[in-house]
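Asks: Just so we're aligned, residue 1 is where the sequence shown starts under full-length UniProt numbering, counting upward by one.
Before I ask anything, let me first share the structure, which is written out below as structure tokens.
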Amino acid sequence: MDQIRSTTNFPDTFQSVRDELPGQIGLLWKQIKAPLVVPLLKLMVFLCLTLSTMLFVERVYMGIVIVFVKLFGLKPEKRYKMETLKDDVEAGNLAYPMVLVQIPMYNEKEVYQLSIGAACGLSWPSDRIIIQVLDDSTDPAIKDLVKLECKRWTSKGINIKYEIRDNRNGYKAGALKEGMKHSYVKQCDYVAIFDADFQPEPDFLWRTIPFFVHKPEIALVQARWIFVNANECLMTRMQEMSLDYHFIVEQEVGSSTYGFFGFNGTAGIWRIAALNEAGGWKDRTTVEDMDLAVRASLRGWKFVYVGDLKVKNELPSTFNAYRYQQHRWSCGPANLFKKMAMEIVRNKKVTLLKKLYVIYSFFFVRKIVAHVVTFVFYCVILPATVLVPEVEVPKWGAVYIPSIITLLNAVGTPRSVHLLVFWILFENVMSLHRTKATFIGLLEVGRVNEWVVTEKLGDALKMKSSAKAPRKLRIRIGERVHLLELGVGAYLFFCGCYDLTFGKNHYFIYLFLQSIAFFVSGIGYVGTFVSKS
């Protein structure tokens with residue numbers, strides 16, 4: 001009975017542990033707490049609240065713009081008075097511009113047929129389109145398969161070129177740059193780009209080319225992504241929520257207000273003259289698409305986002321693939337911001353308002369503040385205030401602002417509104433990696449130029465599932481166990497226990513839930529598991 005009483009009397013146990021801290025550590029804590037820890041923590045809270053407010057204002061501003069766009073029906077076709085292309089009896093097919101379609105790929109065994117088939121199925125005069133497959137594969141067997149697929153489409157009368165190079169310098173940017181050097185590209189007016197898992201609808205060119213023909217100032221037309229495997233697992237549903245907000249809100253706002261947004265690297269089409277004027281593809285960062293977009297925008301070119309034009313593609317469904325992708329997507333923009341900030345400031349071809357938008361809204365708030373404040377404030381500073389009760393976070397900063405930001409994010413994917421709690425917890429976990437990657441990009445250290453191609457599964461997962469093979473659970477320390485997540489989870493759990501025992505703010509409910517999310521991610525039990533055999 002005494003043993004049962006001692007295990008259930010949790011507060012007294014926790015109190016005794018706290019009171020029995022080694023004398024020197026306890027004394028040191030008392031000496032530095034008031035003069036050092038409390039002021040420092042108050043300063044951090046103030047900075048985090050300031051950054052949170054900046055992010056909140058940015059989200060509200062974008063929400064207002066989207067409401068305005070929807071209420072007044074300001075679709076791009078209406079804004080730019082787009083007209084469909086008309087046949088010219090005398091000129092025939094020569095009346096249509098020449099289009100190059102680039103498909104960069106690297107060991108894409110599971111999806112190469114889908115992307116090549118979709119590109120070859122694009123509706124456009126057959127003598128006015130060239131399909132260019134840029135194969136950087138290092139697996140000879142996969143190279144042979146891709147080459148054979150190109151030959152199969154050639155036999156059907158499709159003008160398709162299979163291009164390889166003897167190195168992978170510059171990764172995707174290098175491949176696209178080399179692809180533009182071929183002599184037959186000189187006759188092309190526009191270049192459409194599709195990653196290996198993207199499947200455009202046949203009318204893609206008919207819905208994008210007219211923007212260029214009637215508006216010579218337009219350099220880029222970007223389509224929206226939709227996801228064929230969004231329902232595969234909870235992790236892909238979380239990704240869908242974040243990316244839907246990006247396309248439905250962020251891209252639409254940029255297109256509607258300043259004619260500028262970040263090129264998504266695929267499912268878009270460029271005016272080749274604008275691409276060349278901007279300096280072509282550069283591999284100085286891992287976001288060559290954003291780099292090109294910013295450079296073109298600084299030369300006065302405008303971009304159009306067509307949200308009604310949707311291109312199917314695949315979300316990364318394994319946790320490791322998603323972590324690598326998010327590292328690249330977070331590190332690259334931060335590194336690009338560092339390299340281009342002064343160039344943007346000194347630019348004289350665009351208005352001061354547009355430069356402010358690019359530097360403050362596009363780069364600083366969305367690409368840096370959004371990542372840093374999510375992790376530092378909600379996973380480090382807020383839990384720390386539990387241990388230092390002299391520092392308080394106002395309710396508007398701890399509850400109201402993040403709640404409103406979360407609800408605004410939900411407008412992108414209404415069908416997943418019931419998953420908002422899971423989305424918050426998952427995004428906080430991923431903010432750890434995004435914050436780390438952001439600082440790597442800003443400081444240009446470590447994995448700043450790391451490029452890991454996002455793994456695509458295609459139909460492989462369905463085939464494995466249908467085979468009903470026995471599932472083997474293999475734990476590899478380097479692949480399945482993530483120490484950073486486990487460490488943050490332990491910190492949050494400790495803070496939750498402390499708050500449950502001594503606190504008054506009831507943060508322990510959030511802290512326990514968030515610690516569980518970090519623990520689950522830490523042991524790699526997120527996403528889809530695919531056997532390597």
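Where a beta carbon is used, it is the ideal one built from N, C-alpha and C, also for glycine.
Note that the structure is a prediction, hence the values are computed from the model and not measured.
Taking the Cβ atom as the reference point for each residue, do residue 537 and Lys109 lie within a distance shorter than 7 Å?
Replies: Lying outside 1 to 533, the shown extent of the chain, residue 537 is not represented and no answer is given.
Asks: So for Gly170, helix, strand or coil by DSSP?
Replies: Coil, per DSSP.
Asks: Excluding five sequence neighbours on each side, which residues of the same chain lie with their C-beta closer than 6 Å to the C-beta of Trp301?
Replies: Correct list, in chain order: Ala219 and Ala274.
Asks: Am I right that Gly122 and Pro210 are in contact with their C-beta atoms under 8 Å? What's the rounded C-beta distance?
Replies: Per the sequence shown, residue 122 should be read as Leu rather than Gly. About 15 Å; that fails the 8 Å criterion.
Asks: Tell me whether Thr351 is buried or exposed, calling it buried when 16 or more other Cβ atoms sit within 10 Å of its Cβ.
Replies: Classification of Thr351: exposed, given that the 10 Å Cβ count is below 16.
Asks: Tell me the rounded alpha-carbon separation between Thr528 and Ser317.
Replies: Looking at the two C-alpha atoms, the distance is approximately 5 Å.
Asks: Between which residues of its own chain and Ser256 is the CB-CB distance below 7 Å, once the five residues before and five after are set aside?
Replies: The residues are Val65, Val69 and Leu74.
Asks: For Val294 and Met340, I'd like the C-alpha separation in whole angstroms.
Replies: Those two C-alpha atoms are separated by around 9 Å.
Asks: Taking 8 Å as the cut-off, does the segment 243–257 touch the segment 217–232 (at least 3 CB pairs, one atom from each stretch)?
Replies: In short, these stretches touch, since the Cβ pair count reaches three.
Asks: Phe422 to Thr406, Cα distance in whole Å?
Replies: Rounded to the nearest angstrom, the two C-alpha atoms are 11 Å apart.
Asks: Comparing C-alpha positions only, which one of Gly332, Tyr360, Trp329 and Ser330 sits nearest to Ile344?
Replies: Comparing Cα-Cα distances from Ile344 to each of Gly332, Tyr360, Trp329 and Ser330, the minimum goes to Tyr360.
Asks: Flag this pair as touching only if the segment 144–164 and the segment 225–243 have three or more C-beta atom pairs under 8 Å; answer yes or no.
Replies: Result no; under three Cβ-Cβ pairs closer than 8 Å.
Asks: Could you name the residues that DSSP lists as bridge partners for Ala34?
Replies: In DSSP, Ala34 forms no bridge with anything.
Asks: Is Ala230 helix, strand or coil by DSSP?
Replies: Of the three classes helix, strand and coil, the one that applies to Ala230 here is coil, per DSSP.
Asks: Which stretch, first to last residue, makes up the alpha helix (DSSP H) that contains Leu457?
Replies: No alpha helix (DSSP H) contains Leu457, which DSSP labels as neither H nor E.
Asks: Helix or strand or just coil, what does DSSP make of Lys436?
Replies: Reduced to three states, the DSSP call for Lys436 is helix.
Asks: Using only the alpha-carbon positions, how far apart do Lys472 and Leu234 sit?
Replies: Residue confidence for Lys472 is low, a pLDDT of 41 falling below 50, so the modelled location carries little weight; the figure read from the coordinates is stated next. For Lys472 and Leu234, the distance between alpha carbons rounds to 21 Å.
Asks: Identify whether Ala469 lies in helix, strand or coil by the three-state DSSP scheme.
Replies: The pLDDT assigned to Ala469 is 40, lower than 50, so where the model puts this residue is not dependable, and the model offers no usable value.
Asks: Going by beta carbon distance, what residues of the same chain come within less than 8 Å of Gln187, once the five residues before and after it are set aside?
Replies: Same-chain partners within the cutoff: Met98.
Asks: For a quick check, are the C-beta atoms of Met105 and Tyr112 less than 7 Å apart?
Replies: Closer than 7 Å, so yes.
Asks: Here's a check: name, in chain order, each residue in its chain whose Cβ is nearer than 6 Å to the Cβ of Met1, leaving out the five neighbours to either side.
Replies: Its pLDDT being 45, under 50, Met1 is placed unreliably by the model, and the measurement read from it follows with that caveat. Closer than 6 Å at the Cβ level, and outside the excluded window around Met1, lies no residue.
Asks: Please classify Arg346: is it buried, with 16 or more other beta-carbons within 10 angstroms of its beta-carbon, or exposed?
Replies: Exposed is the call here.
Asks: Mapping DSSP to helix, strand and coil, what is Arg165?
Replies: Coil at Arg165, not helix or strand.
Asks: Any idea what DSSP makes of Lys78, helix, strand or coil?
Replies: Looking at Lys78 - three-state DSSP - the assignment turns out to be helix.
Asks: In chain order, which continuous runs of the alpha helix (DSSP H) of length 4 or greater are located wholly inside the segment 87–154?
Replies: Taking only runs of at least 4 residues, the alpha helix (DSSP H) segments lying wholly in the segment 87–154 are 112–120 and 140–154.
Asks: Specify the secondary structure class of Thr257 as computed by DSSP and reduced to three states.
Replies: DSSP places Thr257 in helix when its eight states are reduced to three.
Asks: Between the alpha carbons of Leu513 and Gly487, how many angstroms are there, rounded?
Replies: Their backbone Cα atoms lie some 15 Å apart in a straight line.
Asks: By alpha-carbon positions, which one of Ile164, Val213 and Gly496 ends up nearest to Tyr80?
Replies: Checking every option, the nearest Cα to that of Tyr80 belongs to Val213.
Asks: Since Asp291 is in the beta strand (DSSP E), which residue starts that stretch and which ends it?
Replies: Where Asp291 is concerned, there is no enclosing beta strand (DSSP E), although the alpha helix (DSSP H) it sits in stretches over Glu288 to Leu298.
Asks: Count the other C-beta atoms from every protein chain shown that fall within 10 angstroms of the C-beta of Arg415, then say buried if there are 16 or more, exposed otherwise.
Replies: Arg415 should be labelled exposed.
Asks: Might you give, ordered along the chain, the residues of its own chain that have their beta carbon closer than 6 Å to the beta carbon of Asp499, omitting 5 neighbours on each side?
Replies: Result list for Asp499: Val386, Tyr507 and Phe508, in chain order.
Asks: Buried or exposed: where does Ile272 fall if 16 or more other Cβ atoms within 10 Å of its Cβ makes it buried?
Replies: Ile272 should be labelled buried.
Asks: Would you tell me roughly how many angstroms separate the C-alpha atoms of Val191 and Thr435, rounded to the nearest one?
Replies: Distance between the alpha carbons of Val191 and Thr435: 34 Å.
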